[in-house]
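Taken in order, the sequence shown gives residues 10 to 213; the numbers are from our numbering.
A short write-up of the structure that comes next.
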Amino acid sequence: MKRAKFFLLLVVLMTFPMIQNCGGNSNGGGTSNLIVSDQLLTEGWDAIKLGNYTTAQASFENALKESLTDGQRASAHSGMGWALSKSGKILESIPYFEIAAEDDNEAKVGLAGALIYRHQTTVDYIRAAEMLGNMPPEKFAPQHAGLSLNAAKVHALAALSYALAGDMDQAKVYMNKAAALDSMMIGTSVDQLDEAFFLLGWKN
């Protein structure tokens, strides 16, 4: 009986390190994947800051192939949307912005601009206006310096969206707020469509 117990104890002691190693490798692999994903996202956003949009697209594409947290996935889709739009592929950016906009305010701004650009119907203008109005612009906080976004620009884009949607009262409200945040906005017209793309860095 004692011999049987000793044998059982010996088996447990021999297999315990293997069980530990299996669990460790699994967790380590998951952590490693997240680190790789973070690195790819960082490289993508850094590339946008430098104006290397093709490089940024490649980094975000590779990131989307990895196992991602919800936050990383939103960042990857937002980054892809911005990389595409800043390289002139604005319509191609829309599906990426659509996914990220649920959780990412920078993606909301990008999507609003892309909808204005597409303007298939007035619905695009209205949706852009409502999206920014519901954010609201007062709560916008830039996350990536490479996008050169700020609250004043988002207020101005909201003003343009409302103007294009036919709501001039709201347009004036947001433009006044934009001017209060940035004196450079004073006197800016809300009837210039190109102004929206200038604010987003999509036009020199």
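Here a beta-carbon is modelled for each residue, glycine too, at the ideal position from N, C-alpha and C.
Non-local beta-carbon contacts of Ala121 in its own chain, meaning distances under 7 Å to residues more than five positions away in sequence, involve Ala137, Met140, Leu141, Leu166, Ser170 in chain order.
Secondary structure at Gln152: coil, using DSSP grouped into helix, strand and coil. Taking all protein chains in view, the Cβ of Glu147 is surrounded by fewer than 16 other Cβ atoms within 10 Å, so the residue is classified as exposed.
With a 10 Å radius around the Cβ and a threshold of 16 neighbouring Cβ atoms, Glu111 comes out exposed. Scanning its chain for C-beta atoms nearer than 7 Å, with the 5 sequence neighbours on each side dropped, one finds around Tyr134 the residues Ile125, His128, Ser170, Leu173, Ala174, in chain order.
Taking C-beta separations shorter than 6 Å and ignoring five residues to either side along the sequence, the partners of Ala109 in its chain run Ala83, His86, Ser87, Ala116, following chain order.
If you draw a 10 Å sphere on the C-beta of Val118, you find 16 or more other C-beta atoms in it, and that means buried. By the neighbour-count definition (other C-beta atoms within 10 Å, threshold 16), Gly60 is an exposed residue. Non-local beta-carbon contacts of Glu52 in its own chain, meaning distances under 7 Å to residues more than five positions away in sequence, involve Ser68 in chain order. Spanning the alpha carbons of Gly90 and Trp54 requires a straight line of approximately 11 Å. Residues of the same chain with a CB within less than 7 Å of the CB of Glu101, apart from the 5 flanking positions on each side, are Leu93 in chain order.
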